Amino acid sequence: MKTEVLGRLRRFWIGVAMFAFAAGGLAILAPEGNAEYADVVINNYSDKAGMRPVVFPHWFHRVRFRCKVCHADLGFQFKAGGNDINMVKIIEGQFCGACHNGEIAWSVENCNLCHSAVPNTPTQVHESTLQKLVAPAGDRKK
Ligand code: HEC
Ligand code: HEC
Ligand code: HEC
Numbered sequence: 004m005k006t007e008v009l010g011r012l013r014r015f016w017i018g019v020a021m022f023a024f025a026a027g028g029l030a031i032l033a034p035e036g037n038a039e040y041a042d043v044v045i046n047n048y049s050d051k052a053g054m055r056p057v058v059f060p061h062w063f064h065r066v067r068f069r070c071k072v073c074h075a076d077l078g079f080q081f082k083a084g085g086n087d088i089n090m091v092k093i094i095e096g097q098f099c100g101a102c103h104n105g106e107i108a109w110s111v112e113n114c115n116l117c118h119s120a121v122p123n124t125p126t127q128v129h130e131s132t133l134q135k136l137v138a139p140a141g142d143r144k145k
């Protein structure tokens with residue numbers, strides 16, 4: 004009798020643990036393509052040019068490269084929107100284009116992977132995980 008209750012309890016806790024594990028796994032998978040805390044939105048030119056603002060996933064890059072690579076070698080300022088970036092410069096290999104060239108990372112043809120913010124989102128460091136930045140594809144009003 005007692006062992007049966009214990010057995011049920013054990014199964015319950017194994018269930019809870021498995022659920023937590025699965026949810027954790029989903030949380031790791033989910034952020035792809037979405038704005039997270041401390042992502043940078045860059046919108047000095049994009050909206051005016053009819054493109055969605057750029058979402059730069061800072062953490063994604065920070066775990067892969069040293070700060071110095073971008074903030075010293077590539078000249079990125081420690082300020083959201085602090086650089087004068089355009090596509091000619093990127094295609095020439097400056098800023099994002101130093102890596103997004105089809106060699107270190109996927110190349111510039113993938114417009115929507117960078118230009119992914121909700122239209123009219125101002126330049127900022129994204130402070131909240133609740134605020135929605137990324138719009139479904141095709142959402143931009145003409
Ligand atoms: C690796 C990231 C990345 C990709 C890929 C990318 N862009 Fe950009 N783009 C940027 C950044 C960063 C800026 C500067 C954003 C700002 O200040 O508004 C920018 C700015 C722009 C601008 C405004 C400035 C200018 O050059 O006229 C246009 C238009 C633009 N992109 C079009 C495109 C198109 C079209 C594609 C696909 C062929 C593309 N971008 C792909 C990062 C990217
Ligand atoms: C792959 C490139 C890259 C790497 C690596 C990188 N950053 Fe950044 N960082 C950027 C870009 C791009 C911006 C926005 C600049 C702009 O809008 O022109 C930025 C902005 C910032 C800002 C201002 C916005 C904010 O979050 O307050 C700080 C501070 C910063 N970075 C710190 C760091 C530190 C510390 C590291 C290393 C742990 C680091 N960065 C690594 C590219 C990078
Ligand atoms: C120092 C090299 C470097 C620079 C500079 C850089 N990136 Fe990246 N970026 C990468 C690498 C590597 C990946 C991963 C590529 C892959 O998974 O194939 C990546 C991936 C991304 C992703 C996809 C993230 C995800 O969740 O899959 C986005 C969006 C992105 N970069 C935007 C930018 C923008 C915008 C800039 C300029 C403001 C920039 N990157 C500058 C190296 C860089």
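Under the numbering used here, the letters of the sequence shown match residues 4 to 145, in that order. Where is the CB? At the ideal position from N, CA and C, for every residue including glycine. As the structure is a computational prediction, the values presented were derived from the model and not from experiment.
Give the secondary structure of H64 by DSSP, where H, G and I count as helix, E and B as strand, and everything else as coil.
Indexing the sequence shown from 1 puts residue 64 at position 61. In the structure shown, H64 sits in a helix (DSSP, three-state: H, G or I).
Which complete beta strand (DSSP E) runs does the stretch 42-108 hold, if anything under 3 residues is left out?
43-45, 57-59
Determine whether the beta carbon atoms of D42 and H64 lie at a separation below 7 Å.
Indexing the sequence shown from 1 puts residue 42 at position 39. Indexing the sequence shown from 1 puts residue 64 at position 61. For D42 and H64, no; Cβs fall outside 7 Å.
With a cut-off of 7 Å, does the C-beta of R69 fall near any C-beta of chain B?
Here there is only one protein chain, and chain B is not present.
Touch check for the stretch 119-130 and the stretch 65-85: three-plus C-beta pairs under 8 Å?
yes
Check whether the Cβ atoms of A108 and C114 lie closer than 7 Å to each other.
The residue given as residue 108 occupies position 105 in the sequence shown. The residue given as residue 114 occupies position 111 in the sequence shown. Contact flag unset, no.
Per DSSP, which residues does V128 bridge with? Please list them.
The residue given as residue 128 occupies position 125 in the sequence shown. In DSSP, V128 forms a bridge with V43.
Taking buried to mean at least 16 other C-beta atoms within 10 Å of its own C-beta, is I94 buried or exposed?
Here residue 94 corresponds to residue number 91 of the sequence shown, with the count starting at 1. Looking at its Cβ environment, which holds fewer than 16 other Cβ atoms inside 10 Å, I94 is exposed.
Given the structure, does A101 come close to ligand 3, in the sense that its CB is under 6 Å from one of the ligand's heavy atoms?
Translated into the one-based positions of the sequence shown, residue 101 becomes position 98. The answer is yes for A101.
Given a threshold of 16 other Cβ atoms within 10 Å of its Cβ, counted over all protein chains shown, does R55 qualify as buried or as exposed?
By one-based count along the sequence shown, residue 55 stands at place 52. Buried: at least 16 other Cβ atoms inside 10 Å.
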